[in-house]
Amino acid sequence: MNIIRILGSVTLACCSASLSTILYNYFHKEETEVLFFYGIVPICNLHHNIPTITLPIQNNECFECKVNIIIGYLNKAKITLDICMYMLNHELLANAIIGAYKRGVNVRLILNEDNSTSTWQIGNIGILKKIKKDKHKEYLMHHKFVIIDNKKVILGSMNWTKISVRANFENVFITNNNELVYSFSQEFQRLWKQFN
Ligand SMILES: [Zn+2]
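In mature numbering (1 follows the signal peptide of the UniProt record, and there is no 0), the protein residues as written are -17 to -1, 1 to 179.
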């Protein structure tokens, strides 16, 4: 009898586990995207002719078009944008951050150093910004991740700089996986407290 009861409990636990997985998958469709930047620069005709203007996606291989995909995610931010970036001086990406702030998104920025006009501009308009202090000089704040509305995280090897986009081999990974987003949010909060 006991064995039947135990078997019953195990079956119920298994069923509820799979039911919760089914419900999770039903209500939370996992979306991921990976972008690779190649170092040797492929660029679409439109961006070849007008390299500084944000245009619709023209070509899957064009690095400027890939930047536009990242900008597309930033443009969808509604509530929060938490940015933790070793280096940030890409004008279009900085403009997308400023655009989010101007439409009411709560933007926070953590940098290793504040040494570019883009990040000064971001600070000057009132965006909250924290810089790793000199007392930790031997350690770099080398992260590159951005959390959008606590629902998506953009991460990978790439700093948001012109040289990284145009001339480096880089990867950028975008996901709405709950556990990953939660882990990066926790780490952002920890760093936000650590750096004054
Ligand atoms: Zn292009």
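Quick reminder that beta carbons are idealized off the backbone N, C-alpha and C, glycines included. Only a predicted model underlies this, so the values are computations on that prediction, with no experimental measurement involved.
Per DSSP, which residues does Y21 bridge with? Please list them. F152
Identity of the residues DSSP links to W143 by a beta bridge: L71
Cβ of H30 within 7 angstroms of any heavy atom in ligand 1? yes
Give every residue of the same chain whose Cβ lies closer than 7 angstroms to the Cβ of N89, excluding the five residues on either side of it in the sequence, and list them in chain order. I62, T63
Contacting residues, own chain, Cβ-Cβ under 6 angstroms from F19 (five flanking each side not counted): N154
Residue(s) in a DSSP beta bridge with D97: DSSP, once it has assigned bridges, lists no residue as partnering D97.
How far does the alpha helix (DSSP H) with I110 in it extend, from its first residue to its last? Neither: I110 is in no alpha helix (DSSP H) and is coded neither H nor E.
Nearest candidate by alpha-carbon position, reference K49, set C67, K59, H30: H30
Quick one: is the Cβ of I26 within less than 7 angstroms of any heavy atom of ligand 1? yes
When you compare only the Cα positions, how much space is there between K115 and I5? 43 angstroms
For a quick check, are the C-beta atoms of K127 and Y165 less than 8 angstroms apart? no
Going by beta-carbon coordinates alone, are L71 and T102 separated by less than 8 angstroms? yes
With which residues is F128 paired in a DSSP beta bridge? C67, L138
Inter-residue Cα distance where the pair is L57 and S168: 16 angstroms
Answer yes or no: the CB of E47 versus the heavy atoms of ligand 1, is any distance below 7 angstroms? yes
Please classify S1: is it buried, with 16 or more other beta-carbons within 10 angstroms of its beta-carbon, or exposed? exposed
Given this structure, state the Cα-to-Cα distance separating N179 from D97, to the nearest angstrom. 13 angstroms
If you run the structure through DSSP and keep just helix, strand and coil, what is L2? helix
Apart from the five residues on each side of it in sequence, which residues of its chain come closer than 6 angstroms, Cβ to Cβ, to H11? none
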